[in-house]
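Reading through the structure tokens given below for one structure.
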Amino acid sequence: MTLFSERIQNGELGLEKVGETVRLLGWVQRRRDHGGLIFVDLRDRSGIVQVVFDPERMGTEFSIAESLRSEFVVSIQGQVIARPEGMINPNLVTGKIEIVAYSLEVLNGAKTPPYYLVDQVDVDETVRLKYRYLDLRRPEMQNVFKIRHRVTQIMRNFFDSQDFYEIETPMLNKSTPEGARDYLVPSRVHPGEFYALPQSPQLYKQLLMVGGMEKYFQIARCFRDEDLRADRQPEFTQLDVEMSFVEVEDILPMMEKLMVKIFAEAVGKEVSIPFPRLTYKEAMDRYGSDKPDTRFGMELIDVGDLVGKSGFKVFANVVAGGGSVKCICAKGCAGMPRREIDDLAKFVSTYRAKGLAWIVMAEEGIKSPIAKFFTEEEMAALIDLTRAETGDILFFVADTYAVVSDALGHLRLELAKRLGLIEEGSLEFLWVTEFPLLEYDDEQKRHIAIHHPFTAPMDEDLQLLESEPLKVRAKAYDMVLNGTELGGGSIRIHRREVQEQLFKLLGFSEEEAVAQFGFLMEAFEYGTPPHGGIAFGLDRMIMLLTGKDNIRDVIAFPKTQSASDLMAHAPSPVADKQIKELHIRTNIEESVADKK
RNA sequence: GGCCCCGUGGUGUAGUGGUUAACAUGCCUGCCUGUCACGCAGGAGAUCGUCGGUUCAAGUCCGAUCGGGGUCGCCA
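Residues 1 to 596 (my numbering) are what the first sequence spells out, left to right.
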């Protein structure tokens, strides 16, 4: 019987092993049958090595080699030899050696896989997801999970070295309003009542601080029943961190050190600290985004003052109405065909911009449908303010501040992508700080928390809480890398009075606040230390570390855009008995459920 | 919920409304002792996602539906 423990990994094989007898275990990547001589590329987690089957060296077992097919699982014993002159394969890490087999055992056969398992897959993702266990065999995928593992190990080591405790919090939680839609779990024991899966361990980690744990972290699964995106799954993983007796300045530098460690040890990239910081206002003003990509310029320029008094009614009216007019200067784009400009106008309309005005700084002079509305002086001032030069295009959006920011912020990113302005491999970290505490929701006709309702206001803005709540800034911060929000957190409220005041501002009655969060507020009365923390999106971090543009590629068993698991076929109907036990009933026709 | 894109042998693609749906690769069989995307010869494999409509005739045009992707809303 095979002793698996004697095995050596393919990737460990090199010239220094020449002459040794080894046992290899793995999958047949490819078989090249020359009749009298058979080559097999043997793949395991560590890599690929070529095995040679020669009838003169192995006798009757040679016929087994003839029967090998792709993805057969085999055990091979053989001798490592240096490849003869001229037969070295430079494309293979192990290309200087090969294994001459003298014994072969098929541990398991395999059906022909639906597609050939190599890195340059060009296969419909549906197929990859249905056969996820095959897709995961591809070296590219193996590498993702190797890095993912390393990152979580680095996190654990880091926090351990800083005296943090890793503590688990419940998956069956109380459903609370605010935030995302909950995934609900019906209770069998309490008819008509439901648990909610955690959107994040927020309340529990704060209560761990009340519980005197002082420093906590968790690599926590979170659930949000919202629509999916390229970087959003219904269940995802957060690195969740909370500390007692800290202020903003304790947390940010520590997290910077963590990033240095992760990038150095997981992918060998250098990260320089401290990270630049931008206030929320500055980020919005300059980049139209609270997660600005600073790998390129093309900042937003406010031209409101200049065009507000001009003869161009569209701009003047927006300014008069309290809106804003801004532009970005696309360097060297004067040659852009009209068709593409129209395309960009369509692009910004996605973000509710009503139009995209433009001024082309052509060699022959200014070309623009709006130029005629400006005097020569106004045009000169505009060019001066925007530093537009011959060869550039200015793109303008006039609307509310929010729409202008959103539209031009995204246009800026789109142009950078089309023009190739972003340098591969560059890492631009930054912190965005001083977020507003609240925003007004027109639909619900009430204030809602931008971060979450437990975020502490900045001390200097406390006195504005009653009079001008929308002007209050929060002790909240986001870490941004290359235009992606990696994580965010805040210093929390730790006094009952302040928390009550906040719930009131959010439109909770006293009864509602107590019903939903009474346990938290009661806890605050028993000596709660000042505390704060942060949470990072692990999946997004792995995306950035591995260069994937799709969250499904960094999750072992991901779900599709409609939240289905194509491999396991979840979700699925369940037996009537199960439904009854849970005291629930669906309003879907029986026949529909049967078909599924 | 809105908008956009995709769906043709196992896989990736081609396919003016008109014969037997083409090509590559994979698969199967045979030959082959230095290949590494091995080679050579032969073979099998598709009712074009599904349903309906227009038409003498639909893979192709129209509608619906299902599945997948991107995105806005939603989501921190």
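Ideal Cβ placement from N, Cα and C applies to all residues, glycine included.
All of these numbers come straight from a predicted model, not from anything done at the bench.
Backbone secondary structure at residue i - three-state DSSP
i: Asp135; result: helix
i: Ala416; result: helix
i: Arg352; result: coil
i: Ser490; result: strand
i: Lys326; result: strand
i: Lys548; result: coil
i: Pro469; result: helix
i: Tyr115; result: coil
i: Gly533; result: strand
i: Ile584; result: coil
i: Phe223; result: strand
i: Pro436; result: strand
i: Ser103; result: strand
i: Val267; result: helix
i: Arg181; result: coil
i: Arg148; result: helix
i: Arg156; result: helix
i: Thr597; result: The requested residue 597 does not occur in the structure, where the chain is confined to residues 1 to 596.
i: Thr484; result: strand
i: Ser591; result: In this prediction, Ser591 has a pLDDT of 43, which is less than 50 and means its spatial position is unreliable; nothing more can be read from the coordinates.
i: Pro457; result: strand
Range covered by the beta strand (DSSP E) that runs through residue i
i: Thr447; result: According to the sequence shown, residue 447 is His rather than Thr. Looking at the DSSP string, the run of the beta strand (DSSP E) that includes His447 is 446 to 449.
i: Val185; result: 184 to 186
i: Met243; result: 235 to 244
i: Gln29; result: 21 to 33
i: Gly78; result: 73 to 82
i: Ile359; result: 357 to 362
i: Gly365; result: 365 to 367
i: Leu427; result: Here Leu427 belongs to no beta strand (DSSP E), and DSSP marks it neither H nor E.
i: Ala398; result: 393 to 399
First through last residue of the alpha helix (DSSP H) which encompasses residue i
i: Asn317; result: 313 to 320
i: Met58; result: 55 to 58
i: Gln202; result: 202 to 210
i: Ala523; result: 510 to 524
i: Leu382; result: 376 to 386
i: Asp285; result: 280 to 287
i: Asp305; result: 304 to 307
i: Arg496; result: 496 to 505
Nearest-angstrom Cβ-Cβ length linking residue i and residue j, presumed shorter than 8 Å
i: Met458; j: Arg473; result: 5 Å
i: Pro453; j: Leu506; result: 6 Å
i: Pro198; j: Phe223; result: 6 Å
i: Pro186; j: Ile584; result: 5 Å
i: Val271; j: Val554; result: Contact doesn't hold; Cβ gap of about 20 Å is too wide.
i: Ile328; j: Phe395; result: 5 Å
i: Ile273; j: Ala334; result: Their Cβ separation, rounded to whole angstroms, is 40 Å, which puts Ile273 and Ala334 out of contact at 8 Å.
i: Ala266; j: Arg150; result: 5 Å
i: Thr400; j: Gly323; result: 5 Å
Identity of the residue in the options nearest residue i by Cα
i: Val248; options: Phe4, Leu42, Trp431, Thr546; result: Trp431
i: Asn482; options: Ser490, Gln142, Tyr287; result: Tyr287
i: Ile81; options: Glu98, Leu92, Ser70, Tyr216; result: Glu98
i: Val210; options: Pro186, Lys146, Pro530, Thr279; result: Pro530
i: Met141; options: Arg585, Pro573, Arg552; result: Arg552
i: Phe557; options: Met259, Arg128, Leu385, Glu364; result: Arg128
i: Arg352; options: Ala398, Leu545, Arg57; result: Ala398
i: Met662; options: Gly518, Phe263, Leu344, Leu382; result: Since the first and last residues shown for the chain are 1 and 596, residue 662 lies out of range.
i: Glu434; options: Ala456, Lys309, Tyr183; result: Ala456
i: Lys471; options: Lys367, Gly488, Ala449, Arg418; result: Ala449
i: Ser103; options: Met58, Arg132, Val118; result: Met58
i: Pro113; options: Tyr526, Arg138, Leu92; result: Arg138
i: Phe503; options: Arg540, Gly527, Ala523, Leu465; result: Leu465
i: Met284; options: Leu408, Thr350, Asp225, Val307; result: Leu408
Close Cβ partners of residue i (< 7 Å) along its chain, the five nearest in sequence each way excluded
i: Met87; result: none
i: Leu421; result: Phe296
i: Gln238; result: Ser200, Ala220, Cys222, Ala535, Phe536, Gly537, Leu538
i: Met255; result: Met479, Ile534
i: Arg232; result: Ile551
i: Ile64; result: Leu104, Val106
i: Pro253; result: Pro274
Residues near residue i by beta carbon distance below 8 Å, same chain, minus five either side
i: Glu125; result: Arg552
i: Lys595; result: Confidence at Lys595 is low in this model, with a pLDDT of 40, below 50, so the placement of that residue should be treated as unreliable; the coordinate-derived value is given next. No residues qualify anywhere along the chain.
Own chain, CB closer than 6 Å to residue i, minus 5 neighbours either side, in chain order
i: Asn89; result: Gly95
i: Glu299; result: Arg286
i: Gly488; result: Asp478
Proximity test, residue i beta-carbon vs the ligand SAM heavy atom, cut-off 7 Å
i: Ile393; result: Looking for the ligand SAM in the displayed structure turns up nothing, as the structure carries no ligands at all.
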